[in-house]
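Right, one structure below, let's go through it.
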Amino acid sequence: KFRTLATAAPAGGIDFGAVTLGQQTQQFVTIAHPQNTVVTVEGVAITGSGAADYATRSLPQPIPVGATLQLPVTFAPSAAGARTAQLSVTTNLGTLDVALTGTGTDPIQSPEQQIDDLIAFFDASVAAGTIRGVGSGLG
């Protein structure tokens, strides 16, 4: 029966942790079975609000008796904040669901870039008239 399939992911699923936007990380779901028959992974689907931030390889793939399948799952966040999805692995014996969670984080800017961005903001605000200076700016 399908309930004999196992995954290396914790019962709560896989947490990819914090990943900077523009970067990616990979973890593996291990599928094993103590059956006396070959299990065939027929397909995978990633669903949920953050599904576009996760990827895995295409299948089908048989798992011989006593063997395991290492299924890579990649997380590449497209936006900052919590990104959740569900990986569903369909086999000839049933479906195995694994929750996927991760957090996209904004890249940290160097102090020089922060100052350049601040100056650009003030220059644009003065040019637009949303900020006006008083006096010469000299002490």
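In the numbering used here, each residue carries its 1-based index in the sequence shown increased by 1.
From the three backbone atoms N, C-alpha and C, an ideal C-beta is built for every residue, glycine too.
For D98, the closest of Q115, A46, D16 and G18 by C-alpha to C-alpha distance is A46. Exclusion of the five residues before and after T26 leaves F17, V20 and F76 as the residues of its chain whose Cβ lies within less than 6 Å of its Cβ.
Per DSSP, reduced to three states, the secondary structure at V39 is coil, with no helix or strand assignment.
In this structure, DSSP gives V127 a helical state, which the three-state scheme calls helix.
Rounded to the nearest whole angstrom, the CA to CA distance from A80 to L101 is 16 Å. Beta-carbon to beta-carbon, P78 and G105 are separated by about 3 Å, close enough to satisfy the 8 Å threshold. A check of alpha carbon separations from V30 across P73, T41, R58 and T38 identifies P73 as the nearest.
L119 is classed as exposed because its beta carbon has fewer than 16 other beta carbons within 10 Å across all chains shown. As computed with DSSP, P63 is found in a beta bridge with T41. DSSP links A81 through a beta bridge to no other residue. T41 and T69 have their C-alpha atoms some 11 Å from each other.
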